[in-house]
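Residue 110 in the working numbering sits at position 122 of the sequence shown, and the numbers go up by one each step.
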Amino acid sequence: MNDRVFSLFNIAPTSPKWEDWKWQYAHRIRDVSELARVITLSPAEQSQIAQCLGSFRMAITPYFATLMDPDDPNDPLRRQAVPSIRETEVQPWEMSDPLNEEGDSPVENIVHRYPDRALFLVTRHCAMYCRYCIRKRHVGEEDYAISADARDQAIDYIARTPAIRDVLVSGGDPLTLPDKDLEEILARLRAIEHVEVIRIGTRVPSVLPMRITPELLSMLRKYHPLWINAQFNHPAELTERACQACTDIVDAGIPLGNQSVLLKGINDNAETMRELLLKLVKTRVRPYYLYQCDLCEGSNHFRTRVEVGTEIIKDLTGNISGYAIPRFVIDAPGGGGKVPVDPNYLISIDDELVEMVNYQGRRFTYPQSE
């Protein structure tokens, strides 16, 4: 644990303030001078980080900062949170809106790409600004929830579009909203007859687990069927405190999934991914997706070759339980949606036989039906 964080804020880890999510949020590390007091930075590194903050802000909760190695610039948690000068190197193929969310937005704050699902962006707030964020174009520019008028317009679109049966509430991070504001959104969505399922996408269990309060869970219980997808990228994020937050969510009857991003030097090997996935299922979190890193601006240093992801899935298959293995996907640039990228186990298929190879490389045949 990085004890420098407690010195910075003159607080003890046993203080009630430390467990107060609002205190954690208000005291996020947002400038270079504070950051230099909790991790070792040379003057050149401080200057480079300041340069990065001109294009994408930084925010790190005190809790998450305690998990970062203060002396290792390659620490996998630190790399997710601390700006790098490589973020300023924008490649020709990188985009401010790599998934063309603006193009699939019929009204502000709604992305309607798939026929029966809609993405509802309710806030620009995040507890921590991940350096590979696909929504750098507006998340982190300003900390604000969308206006009441914009919220009304978005909910009205959902209400008059009966094909939408599943709404993903995202942002930013919806769980940075006060309980009453989040409840207003959930209550209005639940009142729409054709909305069968509500999902919440959040990074909070990893970066601000104190947010998962009894009061929040008591409120969320009212709006079943409700699902939550978290994001854990490295096993070191699954601390005892984070696991408790996940346990509390599941105990409230809310199915909890996980969506990881494949990140170079952070989780791009089968051993790290295996440890992460097994810790997740032990905590009753279902691995859902493993994303190839998107083509957002300044993210090239995070991207692996696609074959790395398929090899990881291949190495895991047959060696850990199937329910512990996420689906590896590329969110197609330009708004094509999620495309599964699986290892190829099918050798040939015709009218009589299917020839296939298993996880050990052994060949088998399966007869077709007549």
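Backbone N, C-alpha and C define an ideal beta-carbon position, used for all residues, glycine too.
Asked                                                                                                                                                                                                 : Found
Between which two residues does the alpha helix (DSSP H) carrying Phe52 extend?                                                                                                                       : Pro50 to Leu55
What residue does the beta strand (DSSP E) around Met198 start on, and which one ends it?                                                                                                             : Segment: none, Met198 is in no beta strand (DSSP E) and carries neither H nor E.
CB-CB under 8 Å to Pro331, same chain, minus the five flanking residues each way: which ones, in chain order?                                                                                         : Thr298, Glu299, Ile301, Lys302 and Thr305
In terms of alpha-carbon separation, which member of Asn307, Ile146 and Leu250 lies closest to Val294?                                                                                                : Leu250
Any idea what DSSP makes of Gly189, helix, strand or coil?                                                                                                                                            : strand
According to the Cβ coordinates, are Ala115 and Ala47 closer than 9 Å?                                                                                                                                : yes
Who does Pro86 pair with in a DSSP beta bridge?                                                                                                                                                       : Note: Pro86 sits in no beta bridge, so no partner.
Could you tell me which uninterrupted beta strand (DSSP E) segments, each at least 3 residues in length, are contained entirely in the segment 229 to 257, listed from first to last along the chain? : 244 to 250
If distances are taken between C-alpha atoms only, which option among Val296, Ile308 and Pro355 comes closest to Phe316?                                                                              : Val296
Within 10 angstroms of the Cβ of Trp6, are there 16 or more other Cβ atoms? Answer buried if so, exposed if not.                                                                                      : buried
What is the rounded straight-line gap between the Cα of Arg350 and the Cα of Val329?                                                                                                                  : 21 Å
Given that a residue counts as buried once 16 or more other Cβ atoms are within 10 Å of its Cβ, and exposed if not, what is His113?                                                                   : buried
Determine, using beta carbons only, whether Pro223 and Glu263 come nearer to each other than 9 Å.                                                                                                     : yes
Classify Trp9 as buried or exposed, calling it buried when 16 or more other Cβ atoms lie within 10 Å of its own Cβ.                                                                                   : buried
Which residues mark the beginning and the end of the alpha helix (DSSP H) in which Ile300 is found?                                                                                                   : Val294 to Leu304
Exposed or buried, which one is Leu170 when buried takes at least 16 other CB atoms within 10 Å?                                                                                                      : buried
For the candidate residues Gly253, Ser(-5) and Gly189, whose alpha-carbon lies nearest to that of Thr292?                                                                                             : Gly253
At which residues does the alpha helix (DSSP H) containing Tyr145 begin and terminate?                                                                                                                : Ala136 to Ala147
Excluding the 5 residues flanking Leu265 on each side, which residues of the same chain have their C-beta closer than 8 Å to its C-beta?                                                              : Pro275, Leu304, Ile308, Ala312, Ile313 and Pro314
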